[in-house]
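Peer 1: Top line first, the protein sequences correspond to chains X and A.
Under this note's numbering, the first residue of the first sequence is numbered 4, with each subsequent residue one higher.
Under this note's numbering, the first residue of the second sequence is numbered 698, with each subsequent residue one higher.
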Amino acid sequence: MILGVDHIALSSESRAAFEAELSALKDGRMAVRFVEKDLPNSPTKKPYLSHYEETHDVAYLQPFSGIAIELTSHGSRTPDADAGYQAVFDRMPAGSSPRASAVSSADEIWKSFGFGDVKPARWNGAPIWHAANLPTTPPDGLSILAVLSPTHDLERSASFWTALGFKPESFGASWKRLKYASPLPRKSLDLALVQTGQPKGARLDSAGFPCLAFWTTDVAADCARLAAAGLSGTTEPSDHRVNGNELKLVFAKGPCGELVELIQVVRAGARSAR
Amino acid sequence: MNPARAEIVDWLWAWFKNRDASSVKFRTEGEVRYLDLGLIDSMGLMELIGAIEEKHGVRFDERHFQDPRFLTMGGLAELVAELRKKE
Numbered sequence: 004m005i006l007g008v009d010h011i012a013l014s015s016e017s018r019a020a021f022e023a024e025l026s027a028l029k030d031g032r033m034a035v036r037f038v039e040k041d042l043p044n045s046p047t048k049k050p051y052l053s054h055y056e057e058t059h060d061v062a063y064l065q066p067f068s069g070i071a072i073e074l075t076s077h078g079s080r081t082p083d084a085d086a087g088y089q090a091v092f093d094r095m096p097a098g099s100s101p102r103a104s105a106v107s108s109a110d111e112i113w114k115s116f117g118f119g120d121v122k123p124a125r126w127n128g129a130p131i132w133h134a135a136n137l138p139t140t141p142p143d144g145l146s147i148l149a150v151l152s153p154t155h156d157l158e159r160s161a162s163f164w165t166a167l168g169f170k171p172e173s174f175g176a177s178w179k180r181l182k183y184a185s186p187l188p189r190k191s192l193d194l195a196l197v198q199t200g201q202p203k204g205a206r207l208d209s210a211g212f213p214c215l216a217f218w219t220t221d222v223a224a225d226c227a228r229l230a231a232a233g234l235s236g237t238t239e240p241s242d243h244r245v246n247g248n249e250l251k252l253v254f255a256k257g258p259c260g261e262l263v264e265l266i267q268v269v270r271a272g273a274r275s276a277r
Numbered sequence: 698m699n700p701a702r703a704e705i706v707d708w709l710w711a712w713f714k715n716r717d718a719s720s721v722k723f724r725t726e727g728e729v730r731y732l733d734l735g736l737i738d739s740m741g742l743m744e745l746i747g748a749i750e751e752k753h754g755v756r757f758d759e760r761h762f763q764d765p766r767f768l769t770m771g772g773l774a775e776l777v778a779e780l781r782k783k784e
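The structure is reproduced here in structure tokens:
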């Protein structure tokens with residue numbers, strides 16, 4: 004059973020740059036829930052990494068609202084940010100710069116979300132979006148409003164996300180708006196699927212936001228169920244200890260290359276922070 | 698209170714107490730919203746779900762999780778009692 008969207012992964016440029024990137028996120032008033040350096044890296048991730056190192060660095064940051072960001076350094080990153088997801092922020096993050104967008108239906112999509120004027124930008128080497136004038140006063144601190152997922156097959160992607168628990172909200176000729184509503188705080192997500200030309204092929208060390216992570220009560224059962232909706236390339240479940248929590252993790256991709264992580268809590272730490 | 702529900706409520710409180718002895722001070726006859734009170738966080742909830750499924754031989758699905766009763770101690774016990782009856 005999928006319980007919620009836990010986080011979106013953000014690739015760090017390098018292990019040397021990790022601290023500076025973390026500081027920049029903290030300056031955006033994101034709360035740092037934990038930082039783990041030299042965390043053992045599972046070899047099962049290799050198919051989803053351009054460059055494997057035995058350890059990696061992870062920081063888990065909670066925006067004021069919306070899903071968390073997991074800043075991860077696998078040592079280096081590849082500059083294929085367009086292959087991943089695109090986060091939509093409630094304001095222009097510090098250090099971002101305007102960019103041109105190839106999404107012709109962007110205005111129509113963001114209007115359907117009720118975000119007002121949304122601008123394309125580039126941040127941390129990745130394409131992002133940000134609201135320029137939200138109709139309501141945004142809370143204090145950078146927040147993720149939604150995530151855009153480019154796809155080369157809108158219908159297959161929609162079926163996949165629906166199997167994950169998302170519900171259709173609205174659609175246009177080349178896009179669909181879906182929502183995952185979790186009763187848990189900060190585990191819900193608005194998702195925009197947008198038709199583009201090519202399949203995605205993000206890896207965990209691709210620049211930008213390569214992976215979306217979900218909580219599940221049973222990784223094996225959900226992987227088996229989601230295979231019928233196009234989940235493939237599923238890694239063997241690997242055991243991890245992160246921030247005092249014993250976790251079982253699986254990485255896999257959707258029918259259009261959408262990289263996802265499924266997380267099962269085997270034993271929660273007494274003071275877990277997610 | 699139906700006996701099965703009462704028994705499950707007791708089991709739930711014992712589970713919470715085992716995790717954190719101080720949690721029992723929140724026990725009242727009224728509805729206790731365990732997440733809102735911070736008795737467990739979302740990760741702890743995942744562990745609780747696993748413990749309930751194992752102990753009570755039930756299986757939750759998305760419909761149960763979306764049920765508002767899931768987030769209160771009494772409501773959760775009620776859901777488990779209903780599932781036990783069916784299985």
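We put the beta carbon where it would ideally sit given N, CA and C, even for glycine.
Taking C-beta to C-beta, are X:S191 and X:A184 nearer than 8 angstroms?
Peer 2: Their beta carbons are under 8 angstroms apart, which means X:S191 touches X:A184 by this criterion.
Peer 1: Within 8 angstroms (strictly less), CB to CB, does X:G69 reach chain A?
Peer 2: So, not an interface residue.
Peer 1: How many whole angstroms separate the CB atoms of A:F762 and X:P186, which I take to be in contact at a CB cut-off of 8 angstroms?
Peer 2: A:F762 to X:P186, Cβ: 7 angstroms. Contact.
Peer 1: Beta-carbon within less than 6 angstroms of X:S275's beta-carbon, same chain only, minus the 5 sequence neighbours each way: which residues are those?
Peer 2: At X:S275 the pLDDT is 46, less than 50, meaning the model places this residue with poor confidence and gives no usable figure here.
Peer 1: Could you give the DSSP three-state label for A:V721: helix, strand or coil?
Peer 2: Three-state result, A:V721: helix.
Peer 1: Do X:F217 and X:I5 count as a contact pair if the criterion is CB distance below 8 angstroms?
Peer 2: In contact: X:I5 and X:F217 (Cβ atoms closer than 8 angstroms).
Peer 1: Taking 8 angstroms as the threshold (beta carbon to beta carbon), is A:K782 in contact with chain X?
Peer 2: No, A:K782 does not count as interfacial toward chain X.
Peer 1: Output, in chain order, the set of chain A residues within a Cβ distance shorter than 7 angstroms of X:M4.
Peer 2: Under the 7 angstroms cutoff, chain A gives F757, D758, E759, F762.
Peer 1: Starting from the Cα of X:A27, find the closest Cα among X:L13, X:E39, X:K40 and give me that residue.
Peer 2: If we check each option's Cα against that of X:A27, X:L13 comes out closest.
Peer 1: How should X:G117 be labelled, buried or exposed, when 16 other C-beta atoms within 10 angstroms of its C-beta is the threshold for buried?
Peer 2: Exposed, by the Cβ-count rule.
Peer 1: Excluding five sequence neighbours on each side, which residues of the same chain lie with their C-beta closer than 8 angstroms to the C-beta of X:V263?
Peer 2: Answer for X:V263: L167, C214, L215, A216, F217, L234, F254, A255, K256, G257, listed in chain order.
Peer 1: Counting Cβ pairs closer than 8 angstroms, one from the stretch 106-115 of chain X and one from the stretch 230-244 of chain X, do we hit at least three?
Peer 2: Judged by Cβ distances under 8 angstroms, the stretch 106-115 of chain X makes no contact with the stretch 230-244 of chain X, as fewer than three pairs qualify.
Peer 1: Whose C-beta lies closer than 7 angstroms to the C-beta of X:Q201 among residues of the same chain, with five residues either side of it excluded?
Peer 2: Hits under 7 angstroms: H155.
Peer 1: Below 9 angstroms on C-beta distance, what does X:P186 contact in chain A?
Peer 2: Going along chain A in sequence order, the residues near X:P186 (Cβ under 9 angstroms) are L732, F762, Q763, D764, P765, F767, L768.
Peer 1: Using DSSP with H/G/I as helix, E/B as strand and the rest coil, what is X:Q198?
Peer 2: Strand at X:Q198.
Peer 1: Based on the DSSP output, what are the partners of A:T769 in its beta bridges?
Peer 2: The partner list for A:T769 (beta bridge, DSSP) is empty, contrary to what the question assumes.
Peer 1: Leaving out five residues before and five after X:S45 in sequence, what residues of the same chain have Cβ atoms less than 6 angstroms from its Cβ?
Peer 2: Here the set comprises S241.
Peer 1: What is the DSSP secondary structure of X:H10, reduced to helix, strand or coil?
Peer 2: Three-state DSSP puts X:H10 in a strand.
Peer 1: How many Å lie between X:M95 and X:H54 at the Cα?
Peer 2: Each residue's Cα considered, the two are about 31 angstroms apart.
Peer 1: I'd like the span of the alpha helix (DSSP H) that includes X:F92, first residue to last.
Peer 2: No alpha helix (DSSP H) contains X:F92, which is instead part of the beta strand (DSSP E) from 89-92.
Peer 1: Select from the stretch 165-179 of chain X all residues with a C-beta closer than 9 angstroms to any C-beta belonging to chain A, and list them in chain order.
Peer 2: Cβ contacts with chain A come from G168.
Peer 1: Where does A:Y731 sit, in a helix, a strand or coil, going by DSSP?
Peer 2: If DSSP states are grouped into helix, strand and coil, A:Y731 belongs with coil.
Peer 1: Let me see if you follow: with CB-CB separation under 8 angstroms, is X:K182 close to chain A or not?
Peer 2: It does not: the Cβ of X:K182 has no partner Cβ on chain A nearer than 8 angstroms.
Peer 1: Note down the Cα distance separating X:T75 from X:A129, rounded to an integer number of angstroms.
Peer 2: Each residue's Cα considered, the two are about 14 angstroms apart.
Peer 1: Would you decide whether X:A23 is buried or exposed? Buried here means 16 or more other CB atoms lie within 10 Å of its CB.
Peer 2: When all chains shown are included, X:A23 counts as exposed.
Peer 1: Fully enclosed by the stretch 55-126 of chain X, which alpha helix (DSSP H) runs are 4 residues long or longer?
Peer 2: Those alpha helix (DSSP H) runs which fall completely within the stretch 55-126 of chain X and span 4+ residues are 109-116.
Peer 1: Is there at least one Cβ from chain A nearer than 8 angstroms to X:K190's Cβ?
Peer 2: Closer than 8 angstroms to some Cβ of chain A, the Cβ of X:K190 qualifies, so yes.
Peer 1: Looking at the C-beta of X:A12, does it have a partner C-beta in chain A at a distance below 8 angstroms?
Peer 2: Cβ-Cβ to chain A under 8 angstroms: no for X:A12.
Peer 1: Are the beta-carbon atoms belonging to X:A271 and A:M740 less than 8 angstroms from one another?
Peer 2: Going by C-beta atoms, X:A271 is nearer than 8 angstroms to A:M740.
Peer 1: Check this for me: beta carbons of X:G204 and X:G119, under 8 angstroms apart or not?
Peer 2: It is not a contact, given that the beta carbons lie outside the stated cut-off.
Peer 1: Please compile the residues from chain A whose C-beta is within a distance smaller than 8 angstroms of the C-beta of X:T220.
Peer 2: Result: M743, I746, G747, E750, F757.
Peer 1: In angstroms, rounded to a whole number, what distance separates the CA positions of X:R277 and X:A34?
Peer 2: Because the pLDDT at X:R277 is just 49, under 50, the model does not fix this residue reliably, and the point stays unresolved.
Peer 1: Using a Cβ-Cβ cut-off of 6 angstroms (strictly less than) and excluding sequence neighbours within five positions of X:V121, which residues of its own chain qualify?
Peer 2: W113, W132, A134.
Peer 1: Give the list of continuous beta strand (DSSP E) stretches no shorter than 3 residues that lie fully inside the stretch 170-199 of chain X.
Peer 2: Qualifying beta strand (DSSP E) stretches, in chain order: 170-175, 178-183, 192-198.
Peer 1: Just reading off the beta strand (DSSP E) that X:P153 is part of, what are its end residues?
Peer 2: Segment 147-154, the beta strand (DSSP E) holding X:P153.
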